[in-house]
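Numbering (my numbering), first residue to last: 4 to 228.
Beneath this line is the structure, given in structure tokens, with notes to follow.
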Ligand SMILES: O=C(CO)[C@H](O)[C@H](O)COP(=O)(O)O
Ligand SMILES: [Fe+2]
């Protein structure tokens, strides 16, 4: 069967009202989100703390069938593979910067039944992550410095996306940080197909239209190629 690239929108719940994590997540799914992007920060790899596997497990208890991606902004991603698999995570996306043996982490994630995402910060070259594409299912190109929602989109990161799309036509390429209706065209033409968007969706008074608009923009760019 031929594999086709698909436009997918994964809202980040980072800037949502986290006292209502389940309600906010379900609302995003009801409004057409394709998956949930759960930002996990350890206060060490990035200067912020969010949530860990116990919270993800509780959310999975209430939301049985959605695709959960955890964006692991942590210094020791290997440490959380088993707990996150046990919590019901579908894709484990980790930053390669602090990791000595990236291959081993990719293998362990697969062994534990999850898809593998490899992520790079804005200062990391695309060549650094290209080495691991054969061991992974997706590459995440950060479009802000990881750590906080609501930051300004870094357009210069699109060079990396363009390079990857040119060389890997069917690779899932995700962008994350400052993405919304005003920056989506840029991501779509560069070749990203998995779109994380936090503030722009959470703050929208019509989440369904915002999600639909971004998905249509990305799908049209895919169809053109
Ligand atoms: O990983 C992240 C920050 O490190 C978040 O996923 C990202 O910032 C999404 O939020 P926004 O769309 O508001 O930038
Ligand atoms: Fe993220």
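Backbone N, C-alpha and C define an ideal beta-carbon position, used for all residues, glycine too.
Since the model is a prediction, treat every value here as computed from it, not as a measurement.
DSSP places residue 122 in the strand class (E or B) of the three-state scheme. With 6 Å as the limit between CB and the heavy atoms of ligand 2, the residues that fall short of it are 15, 40, 42, 74, 179, 199. Three or more beta-carbon pairs separated by less than 8 Å link the stretch 9 to 22 to the stretch 202 to 218, which places the two stretches in contact. Selection 142, 76, 66 evaluated against residue 90 yields 66 as nearest (Cα-Cα). The C-beta of residue 164 has 16 or more other C-beta atoms within 10 Å across all chains shown, which makes the residue buried. Judged by DSSP in its simplified three-state form, residue 56 adopts helix.
Residue 220 sits away from residue 182, with the two beta carbons spaced by 8 Å or more.
Residue state for residue 223 is assigned as helix, using DSSP reduced to three classes.
Under the DSSP assignment, residue 98 falls in the beta strand (DSSP E) whose first and last residues are 94 to 98. Taken atom to atom, the span from the alpha-carbon of residue 10 to that of residue 161 is near 17 Å. Look at residue 18: its beta carbon is less than 7 Å from one of the heavy atoms in ligand 1. Distances from the alpha-carbon of residue 169 to those of 113, 154, 192 put 192 closest. By DSSP's assignment, residue 35 forms no beta bridge with any residue. Here the C-alpha atom of residue 98 lies approximately 27 Å from the C-alpha atom of residue 64.
Only residues of its own chain outside the window of five on either side were considered, and among them 132 have a CB closer than 6 Å to the CB of residue 123, listed in chain order. Under a 10 Å Cβ-count criterion, residue 210 is classified as buried, with 16 or more other Cβ atoms of the shown protein chains found around its own Cβ.
Three or more Cβ pairs drawn from the stretch 45 to 63 and the stretch 73 to 86 lie within less than 8 Å of each other, which places the two stretches in contact. For residue 86, the enclosing alpha helix (DSSP H) stretches over residues 84 to 89. Annotated three-state conformation of residue 66 is coil, per DSSP. Taking non-hydrogen atoms of ligand 1 into account, the C-beta of residue 147 is found less than 7 Å away from one of them. Here the C-alpha atom of residue 55 lies approximately 8 Å from the C-alpha atom of residue 44. Taking 8 Å as the upper bound for CB-CB distance, residue 121 and residue 92 are not in contact here, some 16 Å apart.
The Cβ neighbour count for residue 85, taken over all protein chains shown within 10 Å, is under 16; the residue is labelled exposed.
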